[in-house]
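For the sequence shown, numbering that gives the first Met the number 0 gives the first residue as 0, with consecutive numbering after it.
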Amino acid sequence: MNKQKQYKNSLNGQISGLVMPIFVSMRPKQWSKNLLIFFALLFSVQESWNITNWSTVDSMLANSIIAFIIFSAISGSIYLINDVIDYRKDSIHPIKSTRPIASGKLSRRVGIIAGTSILVPGLILSFLLNLNFGWIVIGYVILMTSYSISLKNFVLIDCFAISAGFVLRAIAGATAVDVPISLWLYLCTGLGALVIALGKRRSELSTFGKTAQLQRNSLRSYSITLIDCASLLAIIATIVVYVTYTFTATNLPNNHLMALTIPMVIYGLLRYAYLVHVKNLGESPEDLLLSDKHLFGTVTIWITVTALILIIFR
């Protein structure tokens with residue numbers, strides 16, 4: 000009995016010792032990107048659902064929350080698999096070398112098993128939630144797996160792949176609650192994500208130099224000048240598309256009050272550009288949103304004003 004008890008305690012200790020490294024490898028900070036799933040709920044208020052009809056609100060909110068959890072689990076599993084693929088390159092990176100797999104705290108075998116064990120049930124649950132949502136999730140998995148294996152090695156294509164991942168998140172949110180979303184919103188999401196991706200590449204290149212080029216093949220073809228030009232074009236395109244959206248989208252209030260949110264979007268983009276190009280803080284966009292009070296405040300005010308306009312005037 001004592002041997003069985005010792006074996007059981009040893010096994011429990013080994014399992015508990017793996018939980019935290021696996022969780023860290025799933026990048027919980029990155030899950031904030033999946034909040035885009037809730038945008039479909041926000042922009043369909045008073046159109047596809049009414050805020051006073053609580054039975055509808057409850058079911059749609061529940062679906063959005065479930066979709067967020069599923070997407071977070073699946074994206075986390077892809078991060079695990081990505082770390083297995085990149086463990087050699089991550090081991091020479093000043094920051095990524097501390098990741099569980101790169102540092103040896105978590106074996107590649109366990110990483111693959113854990114990633115697969117989370118991914119497969121996540122895919123099944125996504126189809127159980129909504130058939131279309133399931134197919135979008137499949138598309139996201141294919142895109143991000145392709146990114147981990149190949150796409151991230153090609154200049155500019157890597158940034159467009161990241162941008163497409165954000166768009167798929169927005170589409171997933173719409174399919175989860177079965178509402179149509181304006182094409183303009185998808186364009187804004189994609190272009191805004193492109194700005195973020197380019198900012199991340201710029202920070203990697205300017206901060207880590209040759210080390211970054213060894214860690215990520217695409218950085219060998221990038222230059223600060225190229226990224227700055229591409230970022231400027233992406234920012235201008237985002238602003239033009241958003242302004243056009245606020246004035247021409249047929250599902251917005253006819254009084255064009257959504258135009259009040261234009262200065263917030265412009266300031267948010269310029270603030271991000273300042274943090275990337277002047278402060279060189281773009282490598283972790285998810286940290287910037289929470290740490291920079293100007294950026295966080297701008298996003299919060301934009302969401303609040305947008306919600307009020309749609310609820311009151313739609």
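We put the CB at the ideal spot given by N, CA and C, even for glycine.
Taking C-beta atoms under 8 Å as the contact rule, residue 161 and residue 196 qualify, at a distance of about 4 Å. When the beta-carbon positions are compared, residue 186 and residue 240 come within less than 8 Å of each other. Here residue 85 is buried, its C-beta having at least 16 other C-beta atoms within 10 Å. Here residue 78 is near residue 25, since their CB atoms are less than 8 Å apart.
The beta strand (DSSP E) runs lying completely inside the region 89-166 and spanning 3 residues or more number zero. Annotation: the continuous alpha helix (DSSP H) that includes residue 285 extends over 284-290. In this chain, the alpha helix (DSSP H) harbouring residue 71 covers 53-84. In the assembly as shown, residue 157 is a buried residue. Its beta-carbon has 16 or more other beta-carbons within 10 Å. Apart from the 5 residues on each side of it in sequence, residue 279 sits with its Cβ closer than 7 Å to the Cβ of 202, 205, 206 in its chain, given in chain order.
Residue pairing by DSSP places residue 183 in no beta bridge whatsoever. CA-CA distance, residue 263 to residue 108, rounds to 47 Å.
If you check the CB distance, residue 74 and residue 134 do not come in under 8 Å.
The DSSP-derived three-state label of residue 178 is coil.
Under the three-state reduction of DSSP, residue 264 is assigned to helix. Minimum Cα-Cα distance from residue 71 among the listed residues 297, 124, 90 corresponds to 124.
The Cβ atoms of residue 82 and residue 110 sit closer than 8 Å to each other. Non-local C-beta neighbours of residue 183 in its own chain, meaning closer than 6 Å and more than five positions away in sequence, comprise 244, 248, ordered along the chain. Counted as a single uninterrupted DSSP element, the stretch harbouring residue 221 is not any alpha helix (DSSP H), since DSSP gives it neither H nor E. Between the alpha carbons of residue 168 and residue 36 lies a distance of about 6 Å. Residue nearest to residue 89 within the set 216, 269, 256 is 216 (criterion: CA-CA distance).
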